[in-house]
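Asker: Numbering (this note's numbering), first residue to last: 906 to 1221.
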Amino acid sequence: MALGRLQLTPGYSRAIRHGLFLAGLAVLAWMLYGAWLTASDVSAGEAYDARSYWEAARGQMYGRPVLGSEAAYYYSPVFLQALAPLMALPFHAFLAAWYALTAAALAWVARWWLPFVLLTGFVGIELIRGNIEPLMAVAVVVGMRYPAAWAFILLTKVTPGVGILWFAARREWRSLAIAIGATGAVAALSFVVAPGLWFEWIRSLLENTGVNIDWAYFPVPLLVRLPIAAALVWFAARRDAAWLVPVGATLAMPALWPVNLTLLVAVIPLLGWGRQPAVADGGPPPAEPVGRSSDLDNPKDLVEPDQVGRVAGVEV
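Written out as structure tokens, the structure is:
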């Protein structure tokens, strides 16, 4: 230690990051456990987004309250079909599993920034409500290297899928084809299983086009925000600024509330990304893994998108 200045060794730096990550996990667990206790099999508590998914799987999936209402459900049929095993559980058990899934997604993306992310307030609120933004953040990060992951976004909130313009702007045509093709393949399989639901979903989207939502939110129509988001993603691709892709995707949300800013957590692992093509185009792995080298002192501390399958063992 020099006079007037503290110099941290790599070991101390790593310990600090690990401590911050564990502190964030503790706060996250405490917060979600408290929210889970306020819910029951007959009451959603504050988890009304999670409840809307669960109820949609048990009744009329579409034709529900308009976009922006607490009980609204406007994702494609694929979403509930994929979650059928979870949806078969009583609501309280489903909510526990759902909270575990979305919390793991947030922890993987945020890494040692997790406690600071939770301090924003809106991230915690969105987690408690049970919305899918943490899973969307994972899809954006993973999708930059494995384009098929964009199918999750295109088949749920739809318009944030504007992020795939990243591949078009960089002329990564194979990656773009994989993103679109994977989406089409999953949709086709779902359509074969339940064609009627797909017609209902399209009808519900058309009926809610231009709906005026008078809640407190960013009062800029999607038709204005969407071309701006597309231009931002295009600019990001030309400038190798992948961290701007989740910004564009957030701007392209069907309806934009402060809690939707949760998707911006995907910015953290995308800083420094963008110098290499996606794996789908046969390019080599990125020259610099996800994250800024100045923030990390040991290669084993890096968290790359292809480690998404190891959420439980995330390194920070």
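Cβ atoms here follow ideal geometry from the backbone N, Cα and C, with glycine treated the same way.
Is the number of C-beta pairs between the segment 1048 to 1067 and the segment 1157 to 1169 that are closer than 8 Å three or more?
Answerer: Judged by Cβ distances under 8 Å, the segment 1048 to 1067 makes contact with the segment 1157 to 1169, as three or more pairs qualify.
Asker: Taking just the CA atoms, how far does I1133 sit from V1125?
Answerer: One-based indexing of the sequence shown puts residue 1125 at position 220. One-based indexing of the sequence shown puts residue 1133 at position 228. Those two C-alpha atoms are separated by around 11 Å.
Asker: Restricting to Cα atoms, I'd like to know which of I1030, A1171 and A1090 is closest to L1040.
Answerer: For the purposes of this step, residue 1040 is taken as the residue at position 135 of the sequence shown. Ranking the options by Cα distance to L1040, first place goes to A1171.
Asker: Between which two residues does the alpha helix (DSSP H) carrying P982 extend?
Answerer: Along the sequence shown, read from residue 1 onward, the residue named residue 982 stands at position 77. Unbroken alpha helix (DSSP H) run through P982: P982 to A987.
Asker: In whole angstroms, what is the alpha-carbon distance linking A944 and A989?
Answerer: By one-based count along the sequence shown, residue 944 stands at place 39. By one-based count along the sequence shown, residue 989 stands at place 84. Rounded to whole angstroms, A944 to A989 spans 21 Å at the Cα level.
Asker: Considering only the alpha carbon of each residue, which of A1142, E951 and G924 lies closest to M936?
Answerer: Translated into the one-based positions of the sequence shown, residue 936 becomes position 31. Here the closest residue by C-alpha is E951.
Asker: Hey, quick one: how far does the alpha helix (DSSP H) through R1143 stretch, first residue to last?
Answerer: By 1-based counting over the sequence shown, the position of residue 1143 is 238. L1127 to R1143 is the extent of the alpha helix (DSSP H) around R1143.
Asker: Could you check which residue in W1103, E1038 and S1095 has the C-alpha nearest to that of A1164?
Answerer: In the sequence shown, the residue the question calls residue 1164 occupies position 259. Ala is not the amino acid found at residue 1164; the sequence shown has Val there. Nearest C-alpha to V1164: E1038.
Asker: Please tell me whether L1175 and W1139 are closer than 7 Å, where the distance is taken between their beta carbons.
Answerer: The sequence position of residue 1175 within the sequence shown is 270, counting from 1. The sequence position of residue 1139 within the sequence shown is 234, counting from 1. Contact: no.
Asker: Can you tell me which of the three DSSP states T1155 falls into?
Answerer: Stepping through the sequence shown from its first residue, residue 1155 is reached at position 250. Residue state, collapsed to three classes: helix.
Asker: Rounded to whole angstroms, what's the CA-CA distance from R963 to R956? Just pull it up for me.
Answerer: In the sequence shown, residue 963 corresponds to position 58, counting from 1. In the sequence shown, residue 956 corresponds to position 51, counting from 1. Rounded to the nearest angstrom, the two C-alpha atoms are 11 Å apart.
Asker: If we call anything under 7 Å between Cβ atoms a contact, is P982 one with L1102?
Answerer: For this step, residue 982 is matched to residue 77 along the sequence shown. For this step, residue 1102 is matched to residue 197 along the sequence shown. Cβ atoms of P982 and L1102: closer than 7 Å.
Asker: Could you please give the first and the last residue of the uninterrupted alpha helix (DSSP H) stretch that includes F1096?
Answerer: Residue 1096 sits at position 191 when you count from the first residue of the sequence shown. Unbroken alpha helix (DSSP H) run through F1096: W1078 to V1098.
Asker: Given a cut-off of 7 Å, decide if A1056 and A1010 are closer than it, judged by their beta-carbon atoms.
Answerer: Here residue 1010 corresponds to residue number 105 of the sequence shown, with the count starting at 1. Here residue 1056 corresponds to residue number 151 of the sequence shown, with the count starting at 1. For A1010 and A1056, no; Cβs fall outside 7 Å.
Asker: Closest by CA to A1146, which one among W1178, L1169, T1155 and F1123?
Answerer: Within the sequence shown, the letter at position 241 stands for residue 1146. Considering only alpha carbons, the answer is W1178.
Asker: Between which residues of its own chain and L1131 is the CB-CB distance below 7 Å, once the five residues before and five after are set aside?
Answerer: Position 226 of the sequence shown holds residue 1131. The residues are T1064, V1067 and A1157.
Asker: Would you mind sorting G1153 into buried or exposed? The rule is 16 or more other CB atoms within 10 Å of its CB.
Answerer: Walking along the sequence shown from the start, residue 1153 turns up at place 248. Its Cβ being crowded by 16 or more others within 10 Å, G1153 is buried.
Asker: With a Cβ-Cβ cutoff of 7 Å, do Y967 and S1095 count as a contact?
Answerer: Here residue 967 is taken as the residue at index 62 of the sequence shown, counted from 1. Here residue 1095 is taken as the residue at index 190 of the sequence shown, counted from 1. Cβ distance not < 7 Å, so Y967 and S1095 don't count as in contact.
Asker: Could you pull the start and end residues of the alpha helix (DSSP H) that M936 belongs to?
Answerer: Along the sequence shown, one-based indexing puts residue 936 at 31. First-last of the alpha helix (DSSP H) with M936: P915 to T943.
Asker: Of the choices W1017, I1030, A1042 and A1141, whose alpha-carbon is the least far from that of S918?
Answerer: Taking the first residue of the sequence shown as position 1, residue 918 is located at position 13. Checked all of W1017, I1030, A1042 and A1141; the closest Cα to S918 is W1017.
Asker: Which residues mark the beginning and the end of the alpha helix (DSSP H) in which L1019 is found?
Answerer: Indexing the sequence shown from 1 puts residue 1019 at position 114. Residues L1019 to L1023.
Asker: Where in the segment 1033 to 1058 do unbroken runs of the alpha helix (DSSP H), each at least 4 residues long, occur, reported from the N-terminal end onward?
Answerer: Here the runs fully enclosed are 1038 to 1048.
Asker: Check whether chain B comes within 7 Å of R1075, counting only Cβ atoms and requiring the distance to be less than that.
Answerer: In the structure shown, chain B does not exist; there is a single protein chain.
Asker: Residues in the same chain with beta-carbon distance under 6 Å from A928, minus the five sequence neighbours each way, listed in chain order, please.
Answerer: By one-based count along the sequence shown, residue 928 stands at place 23. Excluding sequence neighbours, A928 sits near P1020.
Asker: Can you find the residues in the same chain that come closer than 8 Å, C-beta to C-beta, to I1058, ignoring five residues on each side of it along the sequence?
Answerer: For the purposes of this step, residue 1058 is taken as residue 153 along the sequence shown, with counting starting at 1. If we look at I1058 and ignore the five residues flanking it on each side, its Cβ neighbours are M1041, A1044, V1045, G1048, P1065, G1066, G1068 and A1154.
Asker: If you drop the 5 nearest sequence neighbours on each side, which residues of the same chain put their C-beta closer than 7 Å to that of Y1004?
Answerer: Against the sequence shown, residue 1004 aligns to sequence position 99. Once the five neighbours on either side are set aside, the close Cβ partners of Y1004 are L937 and W941.
Asker: Give a single yes or no on whether R956 has its beta carbon closer than 6 Å to a heavy atom of the ligand SAM.
Answerer: Of the ligands one can find in the structure shown there are none, so the ligand SAM has no counterpart to examine.
Asker: In terms of alpha-carbon separation, which member of A949, Y979, G916 and T914 lies closest to N1113?
Answerer: For the purposes of this step, residue 1113 is identified with residue 208 of the sequence shown, where counting begins at 1. The shortest C-alpha separation from N1113 is found at Y979.
Asker: Report the three-state DSSP secondary structure of L1102 (helix, strand or coil).
Answerer: In the sequence shown, counting from the first residue as 1, residue 1102 sits at position 197. The answer is helix: DSSP assigns L1102 an H, G or I state.
Asker: The alpha helix (DSSP H) that contains L1168, what's its start and end?
Answerer: Translated into positions along the sequence shown, residue 1168 becomes position 263. Element bounds for L1168: n/a, residue is neither H nor E.
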